[in-house]
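K.L.:
Let me begin by handing over the structure; questions about it come next.
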Amino acid sequence: MEIDLPNLSIVIGANASGKSNFIQIFKFLNDISQFGLENAISMQGGSDYLLNTRLGSSREFSIEVISDRLEEHLASPYTKRESYGYEVIETSYGFTIDFSKQGSSFKILRDYLRQKCKFYTYKKQGRHLEKDRYIGEGEITIDRRKSSPYVQIKPPPELSEKTLIDTFLELDFASGFLKRVKIKPRQLFIETPTTFPWEIGDPMKKLFQNISVYDFDPRLPKKAQPVTGRAQLEADASNLAIVINNILADTPKRLKLYNLLSDLLPFVKGFRIQKIADNMLFAVRETYTGAQSFPAFLLSDGTINLTSLIVCLFFERKSLKIIEEPERNIHPHLISRVMDLMKEESNRTQIITTTHNPEVVRHADLGDILLVSRKRDGFSTIDRPIDKERVRSFLQEEMGIDELYVQNLL
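In numbering that gives the first Met the number 0, the protein residues as written are 0 to 409.
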């Protein structure tokens with residue numbers, strides 16, 4: 000199945016339709032970049048739980064991720080008055096695994112990275128190189144042949160492969176050193192430190208490393224947390240006190256946090272961090288109570304969730320944020336504003352969110368809604384309701400998308 004993800008994806012569907020499995024794809028990619036393929040498979044419960052039970056190991060397991068994020072590469076060093084450069088307009092990374100052997104064994108059948116590029120001449124303007132003339136399109140591919148990477152460079156007609164290798168350090172590295180690199184049989188390109196120290200594969204590796212899946216549990220931030228926790232927000236928001244403490248220490252961030260909260264939680268006047276031995280707990284000062292602060296364990300689940308959501312959206316630097324049911328414990332009146340905030344942030348960071356709430360569906364853009372359905376044979380599929388003629392007919396009859404969702408007509 001091929002899925003094109005917009006900046007903001009609202010994933011809906013019945014219980015057990017496959018929404019969680021869809022989210023696990025991204026968790027799996029992140030685990031590969033952080034812990035390696037073998038560990039990532041084990042963290043899914045092994046191949047028995049990674050593979051579709053109807054298929055088992057009878058089919059190959061394949062994933063391909065295509066990113067349209069632009070990357071610019073300039074010739075180095077910048078000694079000449081005129082030089083070359085290229086813009087990566089599309090990066091594809093994919094792998095295929097065969098699990099047909101007995102036990103926990105598997106074999107990597109294919110492992111590749113491909114970049115489509117536009118080449119230009121650059122002219123020196125002062126200390127900088129500026130784009131001048133468009134030359135044409137080309138392609139850089141690193142493919143796996145047995146244990147060593149195979150590099151193929153397809154330049155535009157005006158340039159030769161030798162010119163590109165002589166001009167760009169990363170291509171010189173790829174065509175020379177990579178051919179001598181031996182990769183372990185159960186290891187992917189993306190997890191091998193010696194394979195991509197240069198720019199070619201680094202953007203895709205960083206993309207996977209910067210995927211975060213959030214599923215807030217409001218009970219956990221209400222407890223005192225060790226001061227030695229991570230500075231980044233945990234998936235369950237358990238270290239919210241530490242993250243808020245860091246935000247409060249930075250004046251522009253503190254003002255931004257209070258400004259965002261003022262619209263959703265106007266009664267919140269400020270935060271205070273309480274340190275108890277080696278633990279910390281955050282407290283909220285309300286407009287009604289003067290100097291009195293309420294510790295986190297006295298706050299409502301909705302207040303905790305909204306605070307966690309704002310921190311996640313506007314203070315966590317991730318290339319892809321996946322948020323499970325962000326509207327949980329939030330009053331329906333506030334959901335339209337929450338959706339506005341998510342749309343605003345999706346202009347800077349790609350966001351995927353799952354929901355069962357018709358209010359979220361109602362305030363979403365129709366093109367952003369992805370419907371996960373489970374067919375009679377047990378397999379899941381993903382569609383855009385707006386692409387279905389029957390759905391468009393219902394909408395023309397002035398039925399709302401949320402009403403169609405509630406009545407299970409999508």
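Note that the Cβ used here is the ideal one computed from N, Cα and C, for glycine as well.
Count the other C-beta atoms from every protein chain shown that fall within 10 angstroms of the C-beta of D110, then say buried if there are 16 or more, exposed otherwise.
P.N.:
For this step, residue 110 is matched to residue 111 along the sequence shown. Buried: at least 16 other Cβ atoms inside 10 Å.
K.L.:
Does the beta-carbon of Q291 have 16 or more other beta-carbons within 10 angstroms, so that it is buried, or is it exposed?
P.N.:
Here the question's residue 291 lines up with position 292 in the sequence shown. Exposed, by the Cβ-count rule.
K.L.:
Here's the rule: buried if 16 or more other CB atoms are within 10 angstroms of the residue's CB, otherwise exposed. What is Y48?
P.N.:
Here residue 48 refers to the residue found at position 49 when the sequence shown is read from its first residue. Looking at its Cβ environment, which holds fewer than 16 other Cβ atoms inside 10 Å, Y48 is exposed.
K.L.:
State the DSSP-derived secondary structure class of L403, mapped to helix, strand or coil.
P.N.:
For this step, residue 403 is matched to residue 404 along the sequence shown. Of the three classes helix, strand and coil, the one that applies to L403 here is helix, per DSSP.
K.L.:
Is V125 helix, strand or coil by DSSP?
P.N.:
To locate residue 125, count along the sequence shown from 1; it is residue 126. According to the sequence shown, residue 125 is Gly rather than Val. Note: G125 maps to coil in three-state DSSP.
K.L.:
Assuming F94 contacts F105 (C-beta within less than 8 Å), just tell me the rounded distance between them.
P.N.:
For the purposes of this step, residue 94 is taken as residue 95 along the sequence shown, with counting starting at 1. For the purposes of this step, residue 105 is taken as residue 106 along the sequence shown, with counting starting at 1. That pair is no contact at about 11 Å.
K.L.:
With DSSP collapsed to three states, give me the class of N278.
P.N.:
Position 279 of the sequence shown, counting from 1, holds the residue named residue 278. Correct three-state label for N278: strand.
K.L.:
Mind reading off the beta-carbon distance from V337 to I9? Whole number of angstroms is fine, and I expect it under 8 Å.
P.N.:
Counted from its first residue, the sequence shown places residue 337 at position 338. Counted from its first residue, the sequence shown places residue 9 at position 10. About 12 Å separates the two Cβ atoms, so there is no contact after all.
K.L.:
Looking only at its own chain, which residues have a Cβ that is under 6 Å from the Cβ of C116, when we skip the five neighbours before and after it?
P.N.:
Counting from 1 along the sequence shown, the entry for residue 116 is found at position 117. Result list for C116: Y85, V87 and G137, in chain order.
K.L.:
Straight-line CA distance for R185 to Y83?
P.N.:
The count along the sequence shown starts at 1 and reaches residue 185 at position 186. The count along the sequence shown starts at 1 and reaches residue 83 at position 84. So the two alpha carbons sit approximately 38 Å from each other.
K.L.:
Hey, Q270 and L239 are a contact pair by Cβ (cut 8 Å); roughly how many whole angstroms apart?
P.N.:
Here residue 270 corresponds to residue number 271 of the sequence shown, with the count starting at 1. Here residue 239 corresponds to residue number 240 of the sequence shown, with the count starting at 1. For the record, residue 270 in the displayed sequence is Phe; it is not Gln. Incorrect: roughly 10 Å between the Cβ atoms, too far for contact.
K.L.:
I'd like to confirm the pairing. Which residues does DSSP put opposite Q349 in its beta bridges?
P.N.:
Residue mapping note: residue 349 aligns to position 350 of the sequence shown, counting from 1. BP columns for Q349 point to L319.
K.L.:
Quick check: K205 and I189, are their CB atoms within less than 8 Å of each other?
P.N.:
As a working mapping, residue 205 is identified with position 206 in the sequence shown. As a working mapping, residue 189 is identified with position 190 in the sequence shown. Their beta carbons are not under 8 Å apart, which means K205 does not touch I189 by this criterion.
K.L.:
Tell me whether E326 is buried or exposed, calling it buried when 16 or more other Cβ atoms sit within 10 Å of its Cβ.
P.N.:
Mapped onto the sequence shown, residue 326 falls at position 327. So E326 ends up on the buried side.
K.L.:
Let me make sure I understand the geometry here. Which of F393, E233, L369 and F378 has the alpha-carbon closest to that of I7?
P.N.:
Here residue 7 refers to the residue found at position 8 of the sequence shown. The question names Ile, yet the displayed sequence has Leu at residue 7. Distances from the CA of L7 to each of F393, E233, L369 and F378 were compared; the closest alpha carbon is that of L369.
K.L.:
Assess contact between the region 31-50 and the region 378-385, defined as three or more Cβ pairs (one per stretch) separated by less than 8 Å. Is contact present?
P.N.:
Because the criterion of three Cβ pairs below 8 Å is not met, the region 31-50 and the region 378-385 do not touch.
K.L.:
Have a look at K222 and D386 and give me their C-alpha separation to the nearest angstrom.
P.N.:
The residue you call residue 222 lines up with position 223 of the sequence shown. The residue you call residue 386 lines up with position 387 of the sequence shown. Those two C-alpha atoms are separated by around 46 Å.
K.L.:
Thinking just about the alpha-carbon of each residue, which of K320, L168, T166 and K161 is nearest to the one in A234?
P.N.:
By 1-based counting over the sequence shown, the position of residue 234 is 235. Of K320, L168, T166 and K161, the smallest CA-CA separation from A234 is found for K320.
K.L.:
Would you kindly work out how many angstroms separate the C-alpha atoms of E344 and M0, rounded to a whole number?
P.N.:
Counting from 1 along the sequence shown, the entry for residue 344 is found at position 345. Counting from 1 along the sequence shown, the entry for residue 0 is found at position 1. Their backbone Cα atoms lie some 28 Å apart in a straight line.
K.L.:
Considering only C-alpha positions, which residue in the set I96, L394 and E70 is nearest to E37?
P.N.:
As a working mapping, residue 37 is identified with position 38 in the sequence shown. Answer by Cα proximity: I96.
K.L.:
Out of P154, G12, T227 and D214, state which residue places its alpha-carbon closest to the alpha-carbon of L280.
P.N.:
By one-based count along the sequence shown, residue 280 stands at place 281. Relative to the Cα of L280, the nearest Cα in the group P154, G12, T227 and D214 belongs to T227.
K.L.:
If you draw a straight line from the alpha carbon of T90 to that of F296, how long is it in whole angstroms?
P.N.:
Taking the sequence shown and counting its residues from 1, the one referred to as residue 90 is at position 91. Taking the sequence shown and counting its residues from 1, the one referred to as residue 296 is at position 297. Going by the C-alpha atoms only, they are around 46 Å apart.
K.L.:
For E70, which of helix, strand or coil comes out of DSSP?
P.N.:
Working through the sequence shown from its first residue, we reach residue 70 at position 71. Note: E70 maps to strand in three-state DSSP.
K.L.:
Using only alpha-carbon positions, find the residue among Q224, I275, F314 and I62 that is nearest to L108.
P.N.:
Within the sequence shown, the letter at position 109 stands for residue 108. For L108, the nearest C-alpha among the options comes from I62.
K.L.:
I need the straight-line Cα distance from Y257 to I65, nearest angstrom please.
P.N.:
On the sequence shown, residue 257 is found 258 positions in, with the first residue counted as 1. On the sequence shown, residue 65 is found 66 positions in, with the first residue counted as 1. Each residue's Cα considered, the two are about 37 Å apart.
K.L.:
Using 8 Å as the threshold, is the C-beta distance between N278 and P220 below it?
P.N.:
The sequence position of residue 278 within the sequence shown is 279, counting from 1. The sequence position of residue 220 within the sequence shown is 221, counting from 1. Their beta carbons are not under 8 Å apart, which means N278 does not touch P220 by this criterion.
K.L.:
Assign F266 to one of three DSSP states: helix, strand, or coil.
P.N.:
Within the sequence shown, the letter at position 267 stands for residue 266. The answer is coil: DSSP assigns F266 none of H, G, I, E or B.
K.L.:
Quick one: residues in its chain with C-beta nearer than 8 Å to the C-beta of F195, no 5 flanking neighbours on either side, listed in chain order?
P.N.:
Counting from one through the sequence shown, the residue named residue 195 turns up at place 196. With a pLDDT of 47 at F195, under the threshold of 50, the predicted position of this residue should be treated as unreliable, though the coordinate-derived value follows. If we look at F195 and ignore the five residues flanking it on each side, its Cβ neighbours are F188, I189, D201 and K204.
K.L.:
Roughly how many whole angstroms lie between the Cα atoms of K274 and N245?
P.N.:
By 1-based counting over the sequence shown, the position of residue 274 is 275. By 1-based counting over the sequence shown, the position of residue 245 is 246. Approximately 14 Å between the Cα atoms of the pair.
K.L.:
DSSP three-state call for E59: helix, strand or coil?
P.N.:
Locating residue 59 in the sequence shown gives position 60, where the first residue counts as 1. Collapsing the DSSP output to three states places E59 in coil.
K.L.:
Which class does G228 belong to by DSSP, given the choice of helix, strand or coil?
P.N.:
Working through the sequence shown from its first residue, we reach residue 228 at position 229. Note: G228 maps to coil in three-state DSSP.
K.L.:
Is I329 helix, strand or coil when you go by DSSP?
P.N.:
On the sequence shown, residue 329 is found 330 positions in, with the first residue counted as 1. Three-state result, I329: coil.
K.L.:
Could you name the residues that DSSP lists as bridge partners for Y119?
P.N.:
The sequence position of residue 119 within the sequence shown is 120, counting from 1. Beta-bridge pairing links Y119 to G84 and Y133.
K.L.:
Quick check: T140 and Q151, are their CB atoms within less than 8 Å of each other?
P.N.:
Start at 1 with the first residue of the sequence shown, and residue 140 comes out as number 141. Start at 1 with the first residue of the sequence shown, and residue 151 comes out as number 152. Contact: yes.
K.L.:
Could you have a look at E388 and say whether DSSP puts it in helix, strand or coil?
P.N.:
Here the question's residue 388 lines up with position 389 in the sequence shown. Reduced to three states, the DSSP call for E388 is helix.
K.L.:
Look at I303 and F25 and say whether their C-beta atoms are less than 8 Å apart.
P.N.:
Taking the first residue of the sequence shown as 1, we reach residue 303 at position 304. Taking the first residue of the sequence shown as 1, we reach residue 25 at position 26. No, these two residues do not count as a Cβ contact at 8 Å.
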